[in-house]
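Quick notes on the structure that follows.
Residue numbers (the working numbering): 39 to 313.
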């Protein structure tokens, strides 16, 4: 009764409210939604009108769901990826109608995002924080503070790190020095910094290979569906410690195993056929 009806669906049913019922952080939920979007787009091989209509409805639903989840990095990834794909498609077809549709689609995406309160305020706060930082003001965004403290801790023990059991100690000490006690026991919110902080340069190298090598294979084999999936993981690793929770490890390992297993199976079939 205290919330205007115009804000009911995009405020009370958004961000953590939308993800808590399956105990997922909005960012991890957004990874699943992004993968679903990629699958609908890249697996659309059928030409029937009914199939295209169903795909259009699915994409519309998934887009709105992603906006309501309110993950800034996921929304930016979708916006950038969709623009790159559309530009490539328009350059190949060279039709004025496609260009008009491209501009209209971008205007629609931006309008829907800005009219959704959770997205508007999250991006507004990020913009204000960036502006204050560039003007020389103190950092206020929590994620920037996580990165600042993690970087400070890494520089103290850059080779072998602090260990998995003691890595929170230098972070908590830094948070308390900045009088930000509400950040105590929070991780680095960056998988590369998190790994470097815990197990040093060897761990950073292994983690980087786990993230980058599958992406390299997909690019080399021109498997654009999985290129989108693995590049999403790499980008989100810069803003979240995705391997610090079991759900992040399980999802990445599952997708990587499926993809690399498919590659190995295909290579064996090709060798068998040549023999």
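Note that the Cβ used here is the ideal one computed from N, Cα and C, for glycine as well.
These figures come from a predicted structure and were not determined experimentally.
* Confirm, please, whether the CB-CB distance from residue 269 to residue 292 is below 8 Å. => no
* To do: Determine the extent of the alpha helix (DSSP H) in which residue 54 is found, giving its start and end residues.
  => 54–57
* Asked: So is residue 244 buried or exposed if we call it buried at 16+ other beta carbons inside 10 Å?
  -> exposed
* Asked: Residue range of the alpha helix (DSSP H) that residue 221 falls in?
  -> Looking at the DSSP string, residue 221 is not in any alpha helix (DSSP H), and its letter there is neither H nor E.
* Euclidean distance between Cα positions of residue 224 and residue 139 -> Distance between the alpha carbons of residue 224 and residue 139 is about 44 Å.
* To do: Would you kindly work out how many angstroms separate the C-alpha atoms of residue 156 and residue 149, rounded to a whole number?
  => 13 Å
* Would residue 316 be called buried (16 or more neighbouring beta carbons within 10 Å of its own) or exposed? -> Within the shown structure, residues of the chain are numbered from 39 to 313, placing residue 316 beyond reach of any answer.
* Asked: Should residue 69 and residue 247 be called a contact, given that it needs their Cβ atoms to be closer than 8 Å?
  -> no
* **The alpha helix (DSSP H) enclosing residue 241, as first and last residue numbers** => 229–259
* How would you label residue 219, buried or exposed, when you count the other beta carbons within 10 angstroms and need 16 or more for buried? -> Answer is exposed; the Cβ neighbour count stays below 16.
* Spatial distance of residue 230 from residue 170 (CA atoms) -> Those two C-alpha atoms are separated by around 26 Å.
* Hey, out of 182, 154, 151 and 212, whose CA is closest to residue 166's CA? -> 182
* Does the distance from the C-beta atom of residue 281 to that of residue 228 stay below 8 Å? -> Result no, Cβ atoms of residue 281 and residue 228 do not sit closer than 8 Å.
* In whole angstroms, what separates the C-alpha of residue 199 from that of residue 122? -> For residue 199 and residue 122, the distance between alpha carbons rounds to 38 Å.
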